[in-house]
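Protein sequences, first through last, are from chains P and U. Per the numbering used here, residue 43 is the first one in the first sequence, and the count goes up by one each step. Per the numbering used here, residue 43 is the first one in the second sequence, and the count goes up by one each step.
Number of protein chains: 2
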Amino acid sequence: MISQKQVKSLHLRKYRSLNNQFIVEGSRSISSAIDAKARIDSVFYTLDFSKKNPTILEKLNKIPSGIVSSKEIRKLSPSTNPSGILATCKIPKFESFNKNKNIIFLDNVSDPGNLGTILRTALWFGIDQIGYSSKSIDPYNPKVVRSAMGAHFSISWLGELSLDDIKGYKILGADHRGKSIHTINIDNQRWALIMGSEARGISKSAHSHIDELIGIPKVGDGESLNVGVSMGILLHELTK
Amino acid sequence: MISQKQVKSLHLRKYRSLNNQFIVEGSRSISSAIDAKARIDSVFYTLDFSKKNPTILEKLNKIPSGIVSSKEIRKLSPSTNPSGILATCKIPKFESFNKNKNIIFLDNVSDPGNLGTILRTALWFGIDQIGYSSKSIDPYNPKVVRSAMGAHFSISWLGELSLDDIKGYKILGADHRGKSIHTINIDNQRWALIMGSEARGISKSAHSHIDELIGIPKVGDGESLNVGVSMGILLHELTK
Numbered sequence: 043m044i045s046q047k048q049v050k051s052l053h054l055r056k057y058r059s060l061n062n063q064f065i066v067e068g069s070r071s072i073s074s075a076i077d078a079k080a081r082i083d084s085v086f087y088t089l090d091f092s093k094k095n096p097t098i099l100e101k102l103n104k105i106p107s108g109i110v111s112s113k114e115i116r117k118l119s120p121s122t123n124p125s126g127i128l129a130t131c132k133i134p135k136f137e138s139f140n141k142n143k144n145i146i147f148l149d150n151v152s153d154p155g156n157l158g159t160i161l162r163t164a165l166w167f168g169i170d171q172i173g174y175s176s177k178s179i180d181p182y183n184p185k186v187v188r189s190a191m192g193a194h195f196s197i198s199w200l201g202e203l204s205l206d207d208i209k210g211y212k213i214l215g216a217d218h219r220g221k222s223i224h225t226i227n228i229d230n231q232r233w234a235l236i237m238g239s240e241a242r243g244i245s246k247s248a249h250s251h252i253d254e255l256i257g258i259p260k261v262g263d264g265e266s267l268n269v270g271v272s273m274g275i276l277l278h279e280l281t282k
Numbered sequence: 043m044i045s046q047k048q049v050k051s052l053h054l055r056k057y058r059s060l061n062n063q064f065i066v067e068g069s070r071s072i073s074s075a076i077d078a079k080a081r082i083d084s085v086f087y088t089l090d091f092s093k094k095n096p097t098i099l100e101k102l103n104k105i106p107s108g109i110v111s112s113k114e115i116r117k118l119s120p121s122t123n124p125s126g127i128l129a130t131c132k133i134p135k136f137e138s139f140n141k142n143k144n145i146i147f148l149d150n151v152s153d154p155g156n157l158g159t160i161l162r163t164a165l166w167f168g169i170d171q172i173g174y175s176s177k178s179i180d181p182y183n184p185k186v187v188r189s190a191m192g193a194h195f196s197i198s199w200l201g202e203l204s205l206d207d208i209k210g211y212k213i214l215g216a217d218h219r220g221k222s223i224h225t226i227n228i229d230n231q232r233w234a235l236i237m238g239s240e241a242r243g244i245s246k247s248a249h250s251h252i253d254e255l256i257g258i259p260k261v262g263d264g265e266s267l268n269v270g271v272s273m274g275i276l277l278h279e280l281t282k
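Structure follows, in structure tokens:
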């Protein structure tokens, strides 16, 4: 079982990489991890939590687990409102992605809540391969994990990627100046969808790889769409 | 000009209501507020900010403003990473909403980031009337304001609402068990779209008002969609 000091070290990206582990919080996400047979190392929960949530504790079965005080869980948890249960999981090692399936490429997406939403949304639309540029936020950041609500455990491929790795795909870039998503015809081509950063959109270097820019027609006079919302609408159309 | 103590009091909902003011941060949002002729009371910024951003300061024109130290702005700002400029604005008083235009009703939406995203997304699709239940998060909460990125200043109606107030509308409820959005035919009826809470969906009491539940077909095996993403996809279809 991992020490409490080691758990706390996983608040930082450096130690997540070094120890190849990340923190998962809350019964819903931990339950998803168990169902997906994720490699859970240790689980910590409070006595109070255990009284209120017997079902999830039964599911833990042989996973090493320990009761901690509510003061301790506040220290272990990277969250300001700890849920009372916390697990450490191995970061999965993925083989190379499946070139016969569509993929999403995140070009410097930096907000943790947005990345979590993106993972959930991609899965809803059956896209379970996500690549990201080196400057994107770490997908195992605790805030990403929280907002993804268990999506990490159903993704078949998640890793850092260079755009040179996705040759052979029809490369689509999300951009409000792009061709309307209503008029795009993908047929049966495999595609890679690039989503740019919240502040600057798709980077210059990524632009040179793009076959087609696609956008969502603006009906009113809003200034912009959130990156997760945009991707949701594009996937809704692309997977029709 | 408002005192620094009063600015700090606006971190709390109670004092926002009492003083009828809220805090707006960052040059982008403050610029939107100026463009929309919002009633800005005071602006505070650091010397460092003023050197780097002369354009926005010129736009301030006759608005009372003052230079504060970076230590002071950290205290004035409700954010952990203050941007260097902060304004206080009057909360607009709205007349009753326009019954000839569509409306969105938020049934206990509680996450500030989600509400901000919802306001941006609604505007993009030309829906500028938003009602919310009494248990929803305060739309003038600083985190909502930050994530809305200026959307507050383009919304024509935003207020607490009871579902009895929207009689005469075709009332649609977002629910994953609802009829596929692809098969919905709205024609030229005015509609009200109800979005439920992140954790529990649409409340029992709201359900009784709904004419039709509408949902987004699931293509993969994701568990759920974020409320902002769902609303984006539904509005994309409803406003086609």
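Built from N, CA and C at the ideal position, the CB exists for glycine as well.
State the CB to CB distance for the pair residue i and residue j, rounded to an integer number of angstroms; the pair is presumed to be in contact (CB under 8 angstroms).
i: I109 of chain P; j: Y211 of chain P; result: About 49 angstroms separates the two Cβ atoms, so there is no contact after all.
i: T163 of chain U; j: N268 of chain P; result: 7 angstroms
i: M69 of chain U; j: I98 of chain U; result: Sequence check: residue 69 of chain U is Ser here, not Met. Yes, S69 of chain U and I98 of chain U are in contact; Cβ-Cβ is about 4 angstroms, under 8 angstroms.
i: I133 of chain P; j: Y87 of chain P; result: Going by Cβ atoms, the distance from I133 of chain P to Y87 of chain P rounds to 22 angstroms, so no, they are not a contact pair.
i: C131 of chain U; j: R81 of chain U; result: 6 angstroms
i: K117 of chain U; j: K50 of chain U; result: 7 angstroms
i: G173 of chain U; j: G192 of chain U; result: Wrong, their Cβ atoms sit about 21 angstroms apart, outside the cutoff.
i: A248 of chain U; j: L203 of chain U; result: Rounded, the Cβ-Cβ distance is 11 angstroms, inconsistent with contact.
i: I252 of chain U; j: I236 of chain U; result: 7 angstroms
i: S196 of chain P; j: D180 of chain P; result: Going by Cβ atoms, the distance from S196 of chain P to D180 of chain P rounds to 19 angstroms, so no, they are not a contact pair.
Can you pull the chain U residues whose beta carbon is under 9 angstroms from the beta carbon of residue i, in chain order?
i: S166 of chain P; result: The amino acid at residue 166 of chain P is misidentified as Ser; the sequence shows Trp. Near W166 of chain P (Cβ distances below 9 angstroms), the residues of chain U are I258, K260, V261, G262, D263, G264, E265, S266, L267, V271.
i: A193 of chain P; result: G264, E265
Is residue i close to chain U? Criterion is C-beta to C-beta, closer than 8 angstroms.
i: H6 of chain P; result: Since the first residue shown for chain P is 43 and the last is 282, residue 6 of chain P is missing from the structure and cannot be characterised.
i: G274 of chain P; result: yes
i: I169 of chain P; result: yes
i: S196 of chain P; result: yes
Is there a Cβ of chain P sitting closer than 8 angstroms to that of residue i, yes or no?
i: R162 of chain U; result: yes
i: G155 of chain U; result: yes
Could you name the residues of chain P that residue i contacts, counting a contact when the two beta carbons are closer than 7 angstroms?
i: T225 of chain U; result: In chain order: nothing, as chain P lies at least about 13 angstroms away.
Per DSSP, which residues does residue i bridge with? Please list them.
i: V66 of chain U; result: U:A129
i: I172 of chain P; result: P:I146, P:L200
List, in order along the chain, the chain U residues whose C-beta lies closer than 7 angstroms to that of residue i?
i: T281 of chain P; result: V261
i: T159 of chain P; result: N268, V271
Ordered list of alpha helix (DSSP H) runs contained in the stretch 195-280 of chain U, each at least 4 residues: 246-249, 269-280
Contact list for the stretch 96-115 of chain U against chain A, Cβ threshold 7 angstroms: Absence of chain A from the displayed structure is noted, the protein chains being P and U.
Please specify which runs of the alpha helix (DSSP H), each continuous and at least 4 residues long, are wholly inside the stretch 52-112 of chain U, giving them in chain order. 55-61, 69-77, 89-94, 96-102
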